[in-house]
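Heads up: the sequence shown begins at 48 in our numbering, then just goes up one per residue. The beta carbon of each residue, even a glycine, is placed where N, CA and C say it ideally should be.
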Amino acid sequence: MLAKVFTFGLLGIEAYPVEIEVDVARGLPAVTIVGMADTAIRESKERVKAAIKNSGFDWPAERITISLAPSDIKKEGASFDLAIALGVLAASEQIDSLGLKDYFVLGELSLDGLVRPARGLLSIGLAAAKAKINKILAPAANANEAAVVTGINVFGVKSLKQAIEAIYGGDLLKPLKLDFATAFTRSLNYALDFAEVKGQYQAKRALEVAVAGGHNIAMIGPPGGGKTMLAKRIPTIMPDLTLEEALEITKIHSASGSLAYKTSVVGTRPFRSPHHSISDVALVGGGSIPQPGEISLAHGGVLFLDELPEFRRNCLEALRQPLEDGTIHISRAARSLIFPASFMLVAAMNPCPCGYFSDPKRACRCNPNKIANYLGKISGPLLDRIDIHIEIPSIKYKELADTKDAEASYAIKVRVEKARAVQRVRFKSEKIFYNAQMPSKTVRNSCVLNEEGKELLKLAMTELGLSARAYDKILKVSRTIADLAESELIRPEYISEAIQYRSLDRTW
48 MLAKVFTFGL LGIEAYPVEI EVDVARGLPA VTIVGMADTA IRESKERVKA
98 AIKNSGFDWP AERITISLAP SDIKKEGASF DLAIALGVLA ASEQIDSLGL
148 KDYFVLGELS LDGLVRPARG LLSIGLAAAK AKINKILAPA ANANEAAVVT
198 GINVFGVKSL KQAIEAIYGG DLLKPLKLDF ATAFTRSLNY ALDFAEVKGQ
248 YQAKRALEVA VAGGHNIAMI GPPGGGKTML AKRIPTIMPD LTLEEALEIT
298 KIHSASGSLA YKTSVVGTRP FRSPHHSISD VALVGGGSIP QPGEISLAHG
348 GVLFLDELPE FRRNCLEALR QPLEDGTIHI SRAARSLIFP ASFMLVAAMN
398 PCPCGYFSDP KRACRCNPNK IANYLGKISG PLLDRIDIHI EIPSIKYKEL
448 ADTKDAEASY AIKVRVEKAR AVQRVRFKSE KIFYNAQMPS KTVRNSCVLN
498 EEGKELLKLA MTELGLSARA YDKILKVSRT IADLAESELI RPEYISEAIQ
548 YRSLDRTW
C-alpha cells in the first residue's frame with residue numbers, strides 16, 4: 048500500500064513543502080530512501096524502526112521504499128523522522144492514511160518514540176500559512192515558534208503515540224495559541240545597562256554617536272579598559288525592534304537552531320561575539336546546503352569582533368560586501384542564496400601585541416615593526432567601512448570607586464531615538480534609514496559646511512595626516528552629532544568631535 052505524508056524542508060532560512068511517499072510491498076525486508084537525502088535522513092530508518100517498535104506498533108517485514116519529493120533539492124536534517132514513521136504505519140495499514148492528508152508533520156524521533164525539537168518552525172509556520180493545509184504537528188518543545196503565525200493550527204506533540212492520538216483522537220489535543228505582539232512585548236528586556244559602566248565618558252559618547260547614525264566603530268585600548276563591557280551594552284541603547292524586524296530576526300535564529308529554549312520571539316537586538324579562531328564559512332555562512340553565519344545571526348543587532356587583528360585575513364575581507372549591502376550572497380553549484388546581514392560592526396583591539404603601547408603606567412615591550420605588522424593585519428578597505436575609531440584608556444581608581452550610578456541606557460536611548468527620527472524624515476524619499484548609509488551624492492546635499500567648518504576640515508586633512516577616505520566619514524559622523532544636538536547646521540565643534548573619532552587614520 049502507498050501512503051503520503053506532507054512536511055517541510057529548509058533551504059537557508061526559507062521553508063519549502065516536501066511530500067513523503069512510503070510504499071510497502073512484498074519482497075525481502077529492506078528500506079530504500081530516495082530523493083537526495085543526506086546522511087541524517089538515510090540513518091532515520093534505524094531511528095524510525097526502533098521508535099515504531101517501542102511505541103507498541105509493528106515494523107513491517109517487507110520491502111519499504113521512501114521517496115522525498117521534490118527529488119531535485121538536497122534535503123538535510125532529522126526533522127522528517129515523525130513524518131516517515133507515520134507514513135510507514137499508514138502504508139502497512141496500522142493507521143488510516145486518509146487522516147494524514149490534513150497535516151504537515153515535523154519532528155525528530157528518539158529510539159523510545161519521543162519527539163525531539165526541529166529547526167526553522169517559524170519559517171515553516173509562515174510557509175504553511177500560504178498553503179491549503181493549515182494544521183501542523185510539531186515537537187512540543189518548540190512548537191510555540193510556529194504558533195505565533197496566524198491562520199494555522201499548531202499541535203505540540205511529545206511522542207509518536209501522541210501524534211497519532213492528535214490525528215485520530217478527535218479534539219483530545221488542542222492547538223497552541225500564541226499572539227506574536229504579546230510574546231514580543233514580554234521579551235523586550237535587557238539584563239545589562241550602561242549605568243553599570245564606571246567612567247569612560249568619551250567612549251560612551253562615541254558609542255551614542257555610533258548607534259544614533261548606524262556607524263561601525265572600533266575601540267582601541269589596553270587590556271582591562273572596559274572595551275568588551277561597553278560593547279555588550281550597545282544593544283541596550285539601540286532603538287527597539289519593530290514587529291517586522293523581530294519577525295525577520297526570529298526567523299533567522301529559528302532556521303539556524305539557535306533560538307533559546309521555550310523562546311518564541313526574539314524581542315531584543317542580537318549581540319554576537321564570535322571567537323577570533325572562527326572560519327570564514329562560520330562567520331558569513333555557507334556549507335554544501337548554505338546555512339546562515341554569525342553575520343546573519345547578528346542581523347538587526349551588533350557583531351562584536353574582539354581582538355580584531357587576531358581574526359584570519361580571509362574572514363575579515365569576507366565582511367566587506369555585507370557591510371556595504373546589508374546582505375550576504377552565498378553561491379554553490381546547485382543554487383545561490385541570499386541571507387540578511389545588516390548589522391552594526393563593533394571591533395575591539397589592543398594598540399600593539401602586548402597591549403600597553405598607549406598605557407601611561409605600563410611600558411610597551413613591542414618594537415615599531417611589531418606594532419606596524421600588528422595594525423597592518425587590518426586592511427584599508429575594511430578600515431574604510433569603520434566610521435569611528437575611539438581610544439579606550441585604562442580607567443582611573445577614582446572613577447572605579449565612585450558609588451554613584453552612571454547614566455542609564457534608557458536616557459541614552461531616548462536621545463538616539465530622537466536622532467533616528469530626524470534621519471527617517473530626512474531620507475523618507477530614499478532607501479536610507481540612517482546617516483551611515485548615505486551615498487556620496489547624499490553626503491554632499493545633507494552635510495553642508497560653512498566656511499569655518501570647511502577650513503577646520505581642510506586643516507585636519509593636511510596637518511593631522513588624515514587619509515582621503517576619512518573625509519566622507521567625518522562628514523557623516525558630523526551630521527549625526529548635529530542630529531543628536533537637534534541642529535540643522537553642522538557647526539565647527541561637531542566637525543572637531545568627528546575628527547577626534549579617526550585615531551587609526553592618524554596611526555596608519
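Residues near residue i by beta carbon distance below 6 angstroms, same chain, minus five either side
| i | result |
| --- | --- |
| A265 | A394, I433 and H436 |
| L49 | D70 |
| A72 | R110 |
| Y63 | G56 |
| D85 | E123 |
| E446 | K245 and G246 |
Inter-residue spacing [alpha-carbon to alpha-carbon] between residue i and residue j
| i | j | result |
| --- | --- | --- |
| N497 | G56 | 58 angstroms |
| A130 | A193 | 17 angstroms |
| A365 | R412 | 32 angstroms |
| K96 | W106 | 6 angstroms |
| Q484 | R471 | 12 angstroms |
| A293 | R462 | 22 angstroms |
| K417 | G427 | 18 angstroms |
| E212 | L153 | 15 angstroms |
| Y548 | I542 | 10 angstroms |
| I529 | L536 | The residue asked about is misnamed: residue 529 is Ala in this sequence, not Ile. Computed Cα separation, rounded: 7 angstroms. |
| G500 | E477 | 27 angstroms |
| I425 | Q338 | 27 angstroms |
| S378 | L384 | 6 angstroms |
| P76 | T112 | 11 angstroms |
| S252 | S303 | At residue 252 the sequence reads Arg, which differs from the Ser that was named. Rounded to whole angstroms, R252 to S303 spans 35 angstroms at the Cα level. |
| P321 | L392 | 12 angstroms |
| L184 | F202 | 5 angstroms |
| I325 | E68 | 40 angstroms |
| I80 | I336 | 19 angstroms |
| L58 | R89 | 18 angstroms |
| A210 | A174 | 21 angstroms |
| P164 | L225 | 18 angstroms |
| Y444 | Y481 | 38 angstroms |
| P486 | E371 | 11 angstroms |
| G402 | P270 | 6 angstroms |
Residue i: CB within 7 angstroms of a non-hydrogen atom of the ligand GDP
| i | result |
| --- | --- |
| I113 | Because no ligand of any kind appears in the structure shown, any question about the ligand GDP cannot be addressed here. |
Cβ-based neighbour list, residue i, same chain, cut-off 8 angstroms, excluding 5 preceding and 5 following
| i | result |
| --- | --- |
| N361 | D327 |
| G103 | K208 |
| H300 | L306, V313, P317 and L344 |
| T21 | Nothing can be reported for residue 21, as the shown portion of the chain is limited to 48 through 555. |
| M83 | L115, S118, D119, I120, K121 and K122 |
| N101 | L158, D159 and G160 |
| A176 | V196, T197, G198 and I199 |
Anticipated Cβ contact below 8 angstroms, residue i with residue j, distance rounded
| i | j | result |
| --- | --- | --- |
| I267 | P407 | Incorrect: roughly 15 angstroms between the Cβ atoms, too far for contact. |
| L330 | I342 | 6 angstroms |
| T283 | L219 | Going by Cβ atoms, the distance from T283 to L219 rounds to 45 angstroms, so no, they are not a contact pair. |
| K520 | C494 | Not really, about 11 angstroms apart at Cβ, beyond 8 angstroms. |
| G332 | G340 | 3 angstroms |
| D149 | I180 | 6 angstroms |
| A545 | S525 | 4 angstroms |
| E66 | F53 | 6 angstroms |
| T374 | F358 | The pair is not a contact, with the Cβ atoms about 21 angstroms apart (cut-off 8 angstroms). |
Residue i - partner residues in DSSP beta bridges
| i | result |
| --- | --- |
| G333 | Q338 |
| A50 | V69 |
| V152 | L184 |
| R549 | H436 |
| V349 | F318 and M391 |
| G56 | Y63 |
Residue-level contact to chain B via CB, residue i, 8 angstroms cutoff
| i | result |
| --- | --- |
| Y421 | Of the protein chains in the structure, only one exists, and it is not chain B. |
Sequence-distant residues of its chain with Cβ nearer than 7 angstroms to residue i (five each side left out)
| i | result |
| --- | --- |
| F404 | P398, C411, C413 and I418 |
| E438 | I267, G268, S405 and S550 |
| S91 | A125, F127, D128 and I131 |
| R94 | D128, L156 and L158 |
| A453 | F241, A242, V244 and K245 |
### Task
For the stretch 211-240, list the alpha helix (DSSP H) runs that are entirely contained and at least 4 residues long, ordered along the chain.
227-233
### Message
Report the start-end ranges of each alpha helix (DSSP H) in the stretch 276-313 that is 4 residues or longer and not cut off at the edges.
### Response
290-303
### Segments assigned alpha helix (DSSP H), at least 4 residues, entirely inside the stretch 66-92
86-89
### Query
Whole alpha helix (DSSP H) runs in the stretch 376-442 with 4 or more residues, listed along the chain?
415-422 and 427-430
### Message
Give the list of continuous alpha helix (DSSP H) stretches no shorter than 4 residues that lie fully inside the stretch 164-209.
### Response
168-175 and 191-194
### Message
List, from N- to C-terminal side, the alpha helix (DSSP H) runs of 4 residues or more that fit wholly inside the stretch 86-133.
### Response
86-89 and 91-101
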